[in-house]
C-alpha cells in the first residue's frame, strides 16, 4: 500500500461521497456545493494520472465557471434557496425497477473493468503536459480546435436569443 | 520539425471548401446583422451562402480522401449527405419566410438564420467525421443549435417546454455516448476510427466490453435518429418547435445521425480486408446486425402504432418520422453495399415527401388556425391545389405507386429480401400497411368529409404554392424515372476506408 | 511532477485541518443559549421589515455565461502560447481565427445589449402606508365596529 494508492482512494472517496450528496440532497444549494467537492476530487484524480493541465483546467473552468453558473441558476429559479426538491410521484415500483437496473448496469461495468486489458502506454516523464497539448492542438486536432470555437460562438448567439428581454 | 504536418493541414483547407463557405456565411451574417439590422439582408445572405457552398460541393465531387490528419473524411458517402443537408437548409430558409408563427410575433430572425447555418455546418462535419472527438464536437455543435432553435418562439409555453426536454434528454444521451467513447479509447489506445479498427483486428479483446461500449456510442447516435427506445424526446419536441424547425430536425438531423451511425459501424466493427463490396464481414462475431434489427423493428412498430392514435397532424408526422427511421435502420441491418445504397435513395425521397407534408401543414395551420385532423374537414374543396399536393405527399409516405416513396420502399425491401432477412421484410411491409390507416385518415378528412359552413376558398400566396410544387413534382416524377437517383446513390456508397 | 503536486496536496490538507480544527473546537467548547432576540436578523439596530429574500438580478447569469466562454478560450490560449514557437506562422493564424470567432460572439452580445447592467427596482415602502391621518384612523375604527361587533 504505497502513497499513490492511499491518495487515490482518498480522492475517490471524496468524489463518491459528494456525488451521492448531489443526488440525495434535499436542498438545491446543498447539492450544488456537493458538486464542488465532486469536481475537486476529479481534479485530484487527474493529477494522479499525470494530467496536470487538465486538473487545473477542471478547477478553473468547472469550479470557477460552470459551478458558479449552476449556483446562479439555482438562485435565479428559487425565491428561497432552501427550497426542497420533492419528487412526489415515485412509488415502490419505480424504486425497485431503478434499483434492479442500477445493479445490472453496475455489475456489467464492473465485470468489464476487471476483465479488459486496458492499453497502458508508458507514461513519459514530463515536466508538465501543457506544451505537448499545445502542439497537439495546433497540429493533429486543429480542426477540432476551430470547431470548438464555433461551438462557443453558437453558445453566445443562443444566449443572445434566449436572454433577450421581450 | 512539424513542417510535414502543417503542410498537410494547409492542403486540407482546400478539401473543406463547402464547410469554409458555410463558416464564412455564418460570420458574414453575424456582422451584417450588427451593421444593417435588417432581416431581409440576413435571409438573403444565408441563402446566397448556402448556394455558394453547394457550388463548392459540386466542384469537389469525386474526392475520396481524408483531411486534417484523419479527423474527417471527404468521400462520396459524406458528399451525398452534404447535398441532402444543403437542400434541406435551402428549403428551410425559404420555408421560414412563409412561416407566420415566426413572423407574427415580431421575433427577431437574425439568430434564426445564424443558428440554422451553424447547425448545417455541424451536420457537414458530422457526415465526414472519422475521429471520436470530431464526432462528439460536430454532434454537440448540431445539437446546441437545435436546442435553441426548437425553443425559438419561447413566448409560447409549448416551445420552451420542447426546448427544455430536448436539452435534458440530449445531454443525457451525449453523456452516455462519450462514456462509451472513453471505454473504447481505453481498450484500443486511439481515438481514430481507422486505428481502432486495426487494433481490434490485430489483437484479441474482451467481447462484452466492445459490445457495451459500442452500444453506448450507438445509443448517442440512436438518440439523434429517434430510434426506439431513445425516442422519448421526439413527439414533444416536434410538437412544440416552430414547424420549420420540426421539418428541419426530422430530415436533416436524421440524415446526419444516420451518416455517422453507418460510418461508425462500418469503420469500427467491420473487417476492411475481408469485406467485399457486397457483404461486410463482421469482426469478432458480435451480432451487431441482430442488435440493429431489434432496434429497427421496435422503432417501426412503435412509431406506426402510436401514430394511429394521434389527432394532431404535427404529432402524427412526428411519429411517422420515427417509423421511417425504423425502415431506414433496416437498410443498415443487411450489412451490404446494396443496403447502404437503398438508405441513400430512401433518404432523398424522404426529404422531398416530408418537407412537402410539413410545408402544407404549416400553410394550412396559418389559415385555419389549427393543426388538428378534425379541422381539416372539407379543406380539399377550399384549397384544392395544396390539398392534392398533401395527398400526394401522404400517399408517397405510405409507399404506394406511382410515387417516389414507393420506389424508396421497393429498393429498401429489395435489399432486405436479397440478403435473406425475410422476417424483417415481412414486418416492414406489415408496418407500411398499418401506416396507410393514419395517412388515409387525413386524406379522408380533406376530401370525403364535406363541411357546409360557407367558408370560401382559402387563398395562398403564389410563392408558397410554388415552393410546395417544387417538392411535389419531383415526388411524382421520381416515382417513374428513378434511374438517375439510383445511379447517384450507387456511385456514392464508397466510404473512404483508411490508409 | 507528482512530487511537486504532493506539496499542493499537503498544503490543502493542512489548510482544511486548520479551519476544521478551529470551527470544531469552537463548537465544542462554547455555550449554546439561543433566545429569540439573538436569533433575529441584524439590521443595524432597527426591527427588520419585510422578507430578506430579494429577486436575483438576471444579469449575473449572463455575465457568468460570458465568463465561462472566455475562460475556455483562456484554457486554449495557455497551451498555444507554449507551443506556437515550434509550429510557426500556421499556429499564429490559427489562433487569430479562433480568437476572432469568439470576439465576434462577444461583439454580438455587446451590441444586442446583453451586457448592459439592469438595475433592479426594489420595492421601497412609502410613507403613506406607514403613517395614516386622523380621519383615516377614525374611518377604520368605524369599519371595525360595523364588521366586528
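Chains as they are written, first to last, in the numbering used here: chain A, 35 to 200; chain B, 11 to 509; chain C, 420 to 568.
For glycine and all other residues, C-beta sits at the position ideal for the given N, C-alpha and C.
Just so we're clear, the structure is a prediction, and the values are computed from it rather than from any experiment.
Selection from the options that minimises the alpha carbon distance to residue i
i: residue 366/B; options: 132/B, 485/B, 354/B and 302/B; result: 485/B
i: residue 536/C; options: 550/C, 478/C, 564/C and 444/C; result: 478/C
i: residue 309/B; options: 236/B, 373/B, 265/B and 268/B; result: 236/B
i: residue 31/B; options: 134/B, 384/B and 141/B; result: 134/B
i: residue 269/B; options: 33/B, 84/B and 26/B; result: 84/B
i: residue 482/C; options: 525/C, 435/C and 498/C; result: 525/C
i: residue 97/B; options: 57/B, 432/B and 207/B; result: 57/B
i: residue 258/B; options: 369/B, 37/B and 204/B; result: 369/B
i: residue 391/B; options: 455/B, 439/B, 427/B and 346/B; result: 455/B
i: residue 490/C; options: 107/A, 106/A and 102/A; result: 102/A
i: residue 400/B; options: 126/B, 155/B and 453/B; result: 453/B
i: residue 29/B; options: 181/B, 53/B, 68/B and 336/B; result: 68/B
i: residue 82/B; options: 132/B, 128/B and 457/B; result: 132/B
i: residue 533/C; options: 196/A, 154/A and 42/A; result: 196/A
i: residue 404/B; options: 260/B, 363/B, 248/B and 219/B; result: 363/B
As assigned by DSSP and simplified to three states, the class of residue i
i: residue 121/B; result: helix
i: residue 75/B; result: strand
i: residue 108/B; result: coil
i: residue 385/B; result: helix
i: residue 523/B; result: Residue 523/B is absent from the structure shown; chain B starts at 11 and stops at 509.
i: residue 280/B; result: strand
i: residue 563/C; result: helix
i: residue 473/C; result: coil
i: residue 322/B; result: strand
i: residue 257/B; result: helix
i: residue 61/A; result: strand
i: residue 84/B; result: strand
i: residue 192/A; result: helix
i: residue 149/A; result: helix
i: residue 197/A; result: coil
i: residue 393/B; result: coil
Contacts of residue i in chain C (Cβ-Cβ under 8 Å)
i: residue 162/A; result: 420
i: residue 20/A; result: Look at the range of chain A in this structure, 35 to 200, and you will see that residue 20/A is not part of it.
i: residue 84/A; result: 420 and 421
Chain B residues whose Cβ lies nearer than 8 Å to that of residue i
i: residue 484/C; result: Within 8 Å Cβ-Cβ: nothing; residue 484/C doesn't reach chain B, min ~13 Å.
Any non-hydrogen atom of the ligand GDP closer than 8 Å to residue i Cβ
i: residue 187/A; result: For the ligand GDP, the structure offers nothing, since it holds no ligand at all.
Test: residue i CB closer than 9 Å to a CB of chain D
i: residue 527/C; result: Protein chains A, B and C are contained in the structure displayed, whereas chain D is not.
Partners in chain B for residue i, counting only beta-carbon separations shorter than 7 Å
i: residue 506/C; result: 12 and 16
i: residue 523/C; result: 37 and 40
Chain A contact residues for residue i, given Cβ-Cβ distances below 7 Å
i: residue 121/B; result: 191, 194 and 195
i: residue 430/C; result: Under the 7 Å cutoff, chain A gives no residues; its nearest Cβ is about 13 Å from residue 430/C.
Within chain C, partners of residue i - CB distance below 9 Å
i: residue 20/B; result: 509
Chain-ordered neighbours of residue i on chain A, where CB pairs are closer than 8 Å
i: residue 128/B; result: 184, 187, 188 and 191
i: residue 481/C; result: 193 and 197
query: Between the stretch 310 to 330 of chain B and the stretch 438 to 445 of chain B, do three or more beta carbon pairs fall short of 8 Å?
result: yes
query: Closer than 7 Å, Cβ to any Cβ of chain A: which residues of the stretch 135 to 155 of chain B, in chain order?
result: 135, 143, 144, 147, 148, 150, 151, 154 and 155
field: Chain-ordered residues of the stretch 167 to 199 of chain B with a beta carbon less than 7 Å from chain A
entry: 196, 197, 198 and 199
message: Assess contact between the stretch 121 to 134 of chain B and the stretch 42 to 59 of chain B, defined as three or more Cβ pairs (one per stretch) separated by less than 8 Å. Is contact present?
response: yes
query: Do three or more CB pairs link the stretch 383 to 394 of chain B to the stretch 320 to 327 of chain B at distances below 8 Å?
result: yes
task: For the stretch 474 to 497 of chain B, enumerate the residues whose C-beta is nearer than 9 Å to any C-beta of chain A, in chain order.
output: none
query: Do the stretch 166 to 178 of chain B and the stretch 61 to 78 of chain B touch if we need at least three Cβ pairs shorter than 8 Å?
result: no
- request: Select from the stretch 40 to 61 of chain B all residues with a C-beta closer than 9 Å to any C-beta belonging to chain C, and list them in chain order.
  value: 40, 41, 43 and 44
message: For the stretch 396 to 410 of chain B against the stretch 262 to 281 of chain B, do three or more pairs of beta-carbon atoms, one drawn from each stretch, fall closer than 8 Å, so that the two count as touching?
response: no
- prompt: Does the pairing of the stretch 13 to 25 of chain B with the stretch 499 to 516 of chain C give three or more beta-carbon distances under 8 Å?
  reply: yes
- request: Mind the definition here: the stretch 238 to 248 of chain B touches the stretch 179 to 189 of chain A only if three or more C-beta pairs lie below 8 Å; say whether that holds.
  value: no
- request: Select from the stretch 49 to 60 of chain A all residues with a C-beta closer than 9 Å to any C-beta belonging to chain C, and list them in chain order.
  value: none
task: Inspect the CB distances between the stretch 184 to 193 of chain B and the stretch 54 to 69 of chain B and report whether three or more fall short of 8 Å.
output: no
- request: Identify each residue in the stretch 128 to 154 of chain A for which the Cβ-Cβ distance to at least one residue of chain B is less than 8 Å, and report them in chain order.
  value: 142, 143, 145, 146, 149, 150, 151, 152 and 153
field: Stretch pair the stretch 63 to 72 of chain A + the stretch 89 to 105 of chain A: three plus CB contacts closer than 8 Å
entry: yes
- prompt: Contact between the stretch 410 to 426 of chain B and the stretch 349 to 358 of chain B: three or more CB pairs below 8 Å?
  reply: yes
query: Using a beta-carbon distance cut-off of less than 9 Å, what residues from the stretch 69 to 89 of chain B approach chain A?
result: 77, 78, 79, 80, 81 and 82
query: So does the stretch 190 to 200 of chain B actually touch the stretch 142 to 156 of chain B, counting three or more Cβ pairs closer than 8 Å?
result: yes
- prompt: Taking one C-beta from the stretch 128 to 139 of chain A and one from the stretch 451 to 466 of chain C each time, how about it: are there three or more such pairs within less than 8 Å?
  reply: no
Under 8 Å (Cβ pairs) to chain A, residues found in the stretch 487 to 506 of chain C: 487, 488, 490, 491, 492, 493, 494, 495, 497, 498, 499, 500, 501, 502, 503, 505 and 506
- request: Count the C-beta pairs between the stretch 293 to 307 of chain B and the stretch 215 to 235 of chain B that are closer than 8 Å, then say yes if the count reaches three, no if not.
  value: yes
field: Interfacial residues, the stretch 63 to 83 of chain A to chain C, with Cβ spacing under 7 Å
entry: 81
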